[in-house]
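Asks: For the sequence shown, the tail end lands on 213 under this note's numbering, and the numbers increase by one without skipping. Glycine included, each C-beta is placed from N, C-alpha and C at the ideal position. Below is the structure I would like to discuss, written out as structure tokens.
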Amino acid sequence: MYLSKLLLGICFVGLSNSAYAYNSPRYTHDLAKDNYKLVPYFAKPFIKKHKLSKFNSEELIQEGYIGLIYACRKYDNTMKIAISTYSSYWIKSYMNKYIKKIRKIPHPYEFDQSRYMDYDYESIIDLDVLDPLEQDFVRKRYYERMKMKDIAKHFNMPKHRLTKYSKKILEKLRLNIEKSE
33 MYLSKLLLGI
43 CFVGLSNSAY
53 AYNSPRYTHD
63 LAKDNYKLVP
73 YFAKPFIKKH
83 KLSKFNSEEL
93 IQEGYIGLIY
103 ACRKYDNTMK
113 IAISTYSSYW
123 IKSYMNKYIK
133 KIRKIPHPYE
143 FDQSRYMDYD
153 YESIIDLDVL
163 DPLEQDFVRK
173 RYYERMKMKD
183 IAKHFNMPKH
193 RLTKYSKKIL
203 EKLRLNIEKS
213 E
């Protein structure tokens, strides 16, 4: 239903003398007409995954038909690939573009972080179980968000040893949390 309108509007503009030559509008029309059922097939997972309304589902299918037409125009008979396989990429990419476009709608709510977040790192976990050196590592790594490379320079140790050291610290904190619960 949508495909015939699209094909009439897009494919038959400027019909050449050889109406059925390779890559002519007629050739594109026949390829698209033979493969039009691919679009609803690829649209079903998108509709289920994103829980689209009927209007958005129809728009998604419309975008898929545009992708099919684009694929039919670019398709070359000398390719060692079937038109259905080739067009699946273009159909899905046009559908993904549409999904991204409708998902860009801003959310109407605000999140007040200061109300829910306490930025004082000592209050989040009990660091008393750690040595001063370990506390310094936790502060630099998780609260100042320093890279391991920079922390390794600060502590003057190789990065791979610092990684093992961090695993040991995290295990110590996990055990402390399990004890307190």
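#1: Under 8 Å between the Cβ atoms of residue 201 and residue 166?
#2: Can you tell me whether residue 134 is buried or exposed? The criterion is at least 16 other CB atoms within 10 Å of its CB, across all chains shown.
#3: How would you call residue 183, buried or exposed, if buried means at least 16 neighbouring beta carbons within 10 angstroms?
#4: I'd like to know if the segment 187 to 195 and the segment 203 to 212 are in contact, where contact means that at least 3 CB-CB pairs between them fall below 8 Å.
#5: Return the first residue and the last residue of the alpha helix (DSSP H) that residue 178 is part of.
#6: Buried or exposed, going by whether 16 or more other CB atoms sit within 10 Å of the CB of residue 74?
#7: Check whether the segment 83 to 93 and the segment 101 to 120 touch, using three or more Cβ-Cβ pairs below 8 Å as the test.
#8: Using 8 Å as the threshold, is the C-beta distance between residue 129 and residue 95 below it?
#9: Tell me the DSSP secondary structure of residue 162 in three-state form.
#10: For the candidate residues 109, 136, 99, whose alpha-carbon lies nearest to that of residue 10?
#11: Quick check for students: name the residue ranges of the alpha helix (DSSP H) that lie wholly in the segment 71 to 137, counting only runs of 4 or more.
#12: If you draw a straight line from the C-alpha of residue 83 to the C-alpha of residue 69, how long is it?
#13: Determine the direct distance from the alpha carbon of residue 195 to that of residue 171, and round the result to whole angstroms.
#14: Within a Cβ cutoff of 6 Å, which residues of the same chain sit near residue 104, ignoring the five residues on either side of it in sequence?
#15: Going by C-alpha to C-alpha distance, which of 192, 178, 79, 102 sits closest to residue 121?
#16: For residue 127, I'd like the list of residues in its chain whose CB is within less than 6 Å of its CB, leaving aside the five on either flank, ordered along the chain.
#17: Straight-line CA distance for residue 181 to residue 209?
#18: In three-state terms, what does DSSP make of residue 68?
Replies: Walking through what the data contain:
#1: Cβ atoms of residue 201 and residue 166: closer than 8 Å.
#2: So residue 134 counts as exposed.
#3: By the neighbour-count rule (16 or more Cβ atoms within 10 Å), residue 183 is buried.
#4: Flag = no, the segment 187 to 195 and the segment 203 to 212 do not touch.
#5: Taken as a continuous stretch (DSSP letters only), residue 178 belongs to no alpha helix (DSSP H), as it is neither H nor E.
#6: Answer is buried; the Cβ neighbour count reaches 16.
#7: By the Cβ criterion, the segment 83 to 93 is not in contact with the segment 101 to 120, since fewer than three pairs of Cβ atoms, one from each stretch, lie closer than 8 Å.
#8: Contact flag set, yes.
#9: In this structure, DSSP gives residue 162 a state outside helix and strand, which the three-state scheme calls coil.
#10: No answer is possible for residue 10: it lies beyond the span of the chain, which begins at 33 and ends at 213.
#11: The qualifying runs are 86 to 106, 115 to 135.
#12: Straight-line spacing of the CA atoms in residue 83 and residue 69 works out to 21 Å.
#13: C-alpha separation (whole angstroms): 15 Å.
#14: Closer than 6 Å at Cβ, skipping near neighbours: 60, 63, 64.
#15: Ranked by Cα distance from residue 121, the first of 192, 178, 79, 102 is 102.
#16: If we look at residue 127 and ignore the five residues flanking it on each side, its Cβ neighbours are 78, 92, 95, 96.
#17: Separation of residue 181 and residue 209 (C-alpha to C-alpha, rounded to the nearest whole angstrom) is 28 Å.
#18: DSSP, reduced to helix, strand and coil, places residue 68 outside both helices and strands of the structure shown, so it counts as coil.
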